[in-house]
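Trainee: Counting in the UniProt record's numbering, the sequence shown runs from 77 upward without gaps.
Attaching a single structure in structure tokens format; questions to follow.
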Amino acid sequence: MNSQGIKKRRETLASMCDERARMLQDQFNVSMNHLQALAILISTFYHSKEPSAIDQMTFARYAERTAFERPLTSGVAYAVKVLHSEREEFERNQGWTIKRMDSTEQSTACKDDSAPEAQEVSPVEEEYAPVIFAQDAYKHVISLDMLSGKEDCENILRARESEKGVLTAPFPLLKSKRLGVILTYAVYKRELPSNASPLERIQAAIGYLGGIFDIEALVDKLLHQLACKQSIMVNVYDTTKPNKPIRMYGSNMMGSGIYHCSTLHFGDPFRNHEMQCRFKYKP
Ligand code: WA2
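Written as structure tokens, this is what we have:
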């Protein structure tokens, strides 16, 4: 192909890739804003009302009916902060015990032989973050201590001291083992001044709302809405560690030589993402 043709092809690829990146980012932003609104809803109707106006059924129904507002999420879940001194009363009120997250794999650790599927009761910790509400698709995380999972724990700690929406790296979700990322907003017991210190924020935190982004399925759905999807290959990476990018979406199939890279901004300055596009076939 002559240089004019190559130039034209590059431009076509660049504009297709940028368009896709912009769409993904817009949908991400919309989802993110609605998660923040959901965190405020919980603060208002669960924590600031006596008696609370939200229970699991109300939450699950509301989350399901407003799912269209969070187009890239496959579910939401809410965990509360429980200190060890509050554990007994909390468990009595809930009617269940706080459980560890990683226990399903180590079946030998199951104390109750008659129920090999049961998750292990959490050992004593200073504090816990058990899930109390979840959209139906993620009901299986209810009662699990989110501080007992590496990615969830890091995310919760970062969310509550920053007051911002924070993202995990892509990791395999419980049960489905599908690759997902979780966006978390902390809920606080009072409105914080804008100059609140990280410690003040940590102490004022009372819960953590997480949106579960099922990147594989949802990016696919998004890209299918665009014309010419057959001709271009799209990969999305978490490039937070530049020498160790994590693929969030796409295959490692080879395409033709030229590729274009569009940056993505998912609102968490701690993480970087990019979209890489290639034509599927050599011209
Ligand atoms: N929710 C669903 N599946 C998961 C998961 C999770 N975390 N972690 C691993 N698999 C309540 O950030 C707070 C939800 C975490 C929120």
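Ideal Cβ placement from N, Cα and C applies to all residues, glycine included.
Who does T88 pair with in a DSSP beta bridge?
Mentor: Per DSSP, none; premise fails for T88.
Trainee: Tell me, to the nearest whole angstrom, how far the beta carbon of Y261 is from that of L285; I am working on the premise that it is less than 8 Å.
Mentor: With a Cβ gap of about 5 Å, Y261 and L285 count as contacting.
Trainee: Which residue marks the beginning of the beta strand (DSSP E) containing H336, and which one marks its end?
Mentor: From DSSP, the beta strand (DSSP E) with H336 extends over 335–340.
Trainee: Tell me the start and end of each unbroken alpha helix (DSSP H) in the region 131–158 that is at least 4 residues and wholly inside, in chain order.
Mentor: Taking only runs of at least 4 residues, the alpha helix (DSSP H) segments lying wholly in the region 131–158 are 132–141.
Trainee: Assign P127 to buried or exposed, taking buried as 16 or more other Cβ atoms, counted over all protein chains shown, within 10 Å of its Cβ.
Mentor: Result: exposed.
Trainee: Sort out for me which residues DSSP pairs A281 with in a bridge.
Mentor: According to DSSP, which records beta bridges pairwise, A281 is partnered with Y264.
Trainee: Could you tell me which residues DSSP pairs with L243 in its beta bridges?
Mentor: L259, per the DSSP bridge assignment.
Trainee: With H, G and I counted as helix, E and B as strand and the rest as coil, what does DSSP make of V200?
Mentor: Three-state DSSP puts V200 in coil, outside helix and strand.
Trainee: Out of T142, T88, Q80, state which residue places its alpha-carbon closest to the alpha-carbon of N109.
Mentor: Nearest option by C-alpha distance: T142.
Trainee: Roughly how many whole angstroms lie between the Cα atoms of L148 and R234?
Mentor: For L148 and R234, the distance between alpha carbons rounds to 22 Å.
Trainee: Pairing CB atoms from the region 193–206 with CB atoms from the region 252–260, are three or more of them under 8 Å?
Mentor: The region 193–206 vs the region 252–260: no contact.
Trainee: Hey, would you say the C-beta of S95 is under 8 Å away from at least one heavy atom of ligand 1?
Mentor: The question names Ser, yet the displayed sequence has Glu at residue 95. Result no, Cβ not under 8 Å from ligand 1.
Trainee: Start and end of the alpha helix (DSSP H) containing residue 62?
Mentor: With the chain covering only 77 through 359, there is no way to say anything about residue 62.
Trainee: Shortest alpha-carbon distance to A155 belongs to which of Y122, N311, I291?
Mentor: Considering only alpha carbons, the answer is Y122.
Trainee: Report buried or exposed for E87, applying the criterion of at least 16 other Cβ atoms within 10 angstroms of its Cβ.
Mentor: With fewer than 16 Cβ atoms within 10 Å of its Cβ, E87 is classed as exposed.
Trainee: Compute the beta-carbon to beta-carbon distance between H336 and L100, rounded to the nearest angstrom, for a pair I have assumed lies under 8 Å.
Mentor: Between L100 and H336 the Cβ distance is about 15 Å, and since that is not below 8 Å, they are no contact.
Trainee: Sorted by chain position, which residues of the same chain lie with C-beta nearer than 6 Å to S79's C-beta, five sequence neighbours on each side aside?
Mentor: Excluding residues within five positions, none has a Cβ falling inside 6 Å.
Trainee: Say the cut is 8 Å; is the CB of Y214 nearer than that to a heavy atom of ligand 1?
Mentor: Yes, the beta carbon of Y214 sits closer than 8 Å to at least one heavy atom of ligand 1.
Trainee: Consult DSSP for I322 and reduce its assignment to one of helix, strand or coil.
Mentor: Strand.
Trainee: Roughly how far, in whole angstroms, is the beta-carbon of D102 from the beta-carbon of L243, given that I think they are within contact range, below 8 Å?
Mentor: That pair is no contact at about 17 Å.
Trainee: In the DSSP output, which residue or residues are listed as bridge partners for L220?
Mentor: Bridge partners of L220: K175.
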